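What follows is a short report on a single structure.
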Amino acid sequence: MSRLECWRPDAPADVPATLVQVGPSVLVAVQAPALQDGVPPKTEMRPALIDTGATECHIDYDLARTLELPVIDKQTLSGVAGPAEHDVVLGTILIAELAVSINGRFVCVNLKGGGSIHEVILGRTFLNGCVMIYDGHAGHITILR
Amino acid sequence: MAMTLEREIAAYERDLPKLLADFEGKFVVYHEEVRLGSFDTFDAAADAALKAYGKKPFLIRQVLKNAPVTRLPASVAFRAVHVAA
């Protein structure tokens, strides 16, 4: 079984408080699809929030632009401000430590622009097949797969 | 983003009655107003679209009567804002 400890933005003095503030986070690689032009696909390592309230995984708009992820559809999402149209992009989210490769379509959301330190959201489709241990007392997250 | 897919989405909506009759549940690929084909899986549709069109715009959509509803997670819909008194 593979094991991954959570990511933190720095070396905080108060580890449990940082987990409360930042949320359960891991570093992931986001990769553009490979084209047949011989150029290696662009890849960026970015922090991701593990969000048990999200059904699917999402990628930040700015990150999608940086990686030039192909826009393959539009989708209307409902939120507190009413429905809004979002781009759907093609890409891959990789977590090497867990041997996870989530390949497919991702609805873009505005994370960095909203002040988030995360650029990816991992929803319950990621957690399907994983065990996540949230140790709020020690301030640790462990994911087993 | 730059690619708006307006032509592709309009073509899909134009063809939807026939697509529902012939390919419901399958994935279709459109580039401009032309359908590349229908595919059993999203991965197969994506592979074919990338091979055929590369960086050109293309639409991949599953043929469904009712589009699935996706709700924004609370981590995106809400953000705490602290204002100093």
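Protein sequence lines correspond, in order, to chains A and V. The C-terminal residue of the first sequence carries number 145 in my numbering, and the numbering is unbroken. The C-terminal residue of the second sequence carries number 1085 in my numbering, and the numbering is unbroken. All residues carry an ideal CB built from backbone N, CA and C; glycine is no exception. As the structure is a computational prediction, the values presented were derived from the model and not from experiment.
Chain A within 9 Å of V:K1055, Cβ atoms only: V:K1055 counts as touching chain A.
Cβ separation of A:L69 and A:G91, assumed to be a contact under 8 Å, to the nearest whole Å: Rounded to whole angstroms, the Cβ separation of A:L69 and A:G91 is 5 Å, and the two are in contact under 8 Å.
Opening and closing residue of the beta strand (DSSP E) in which V:A1021 lies: Taken as a continuous stretch (DSSP letters only), V:A1021 belongs to no beta strand (DSSP E), being part of the alpha helix (DSSP H) at E1006 to F1023.
Chain A within 9 Å of V:A1049, Cβ atoms only: Yes, because at least one Cβ of chain A sits closer than 9 Å to the Cβ of V:A1049.
The region 50–63 of chain A touching the region 22–35 of chain A, judged by at least three CB pairs closer than 8 Å: Output reads yes: the region 22–35 of chain A touches the region 50–63 of chain A.
Unbroken beta strand (DSSP E) run spanning A:R8, endpoints: Per DSSP, A:R8 belongs to no beta strand (DSSP E) and is neither H nor E.
C-beta neighbour in chain V for A:Q75, strict 9 Å: Chain V, which has a Cβ nearer than 9 Å to the Cβ of A:Q75, makes this yes.
Complete alpha helix (DSSP H) runs within the region 37–88 of chain A (minimum length 4 residues, chain order): Taking only runs of at least 4 residues, the alpha helix (DSSP H) segments lying wholly in the region 37–88 of chain A are 61–67.
Residue closest to V:A1046, alpha-carbon to alpha-carbon, out of V:E1032, V:E1033, V:Y1012 and V:F1027: Closest by alpha carbon: V:F1027.
Cross-strand partners of V:G1054 (DSSP beta bridge): Assignment of beta-bridge partners to V:G1054 by DSSP yields no partner.
Neighbour list for A:I72 in chain V, Cβ cutoff strictly below 7 Å: Contact note: A:I72 reaches chain V through F1058, L1059 and I1060, using a C-beta cutoff of 7 Å and chain order.
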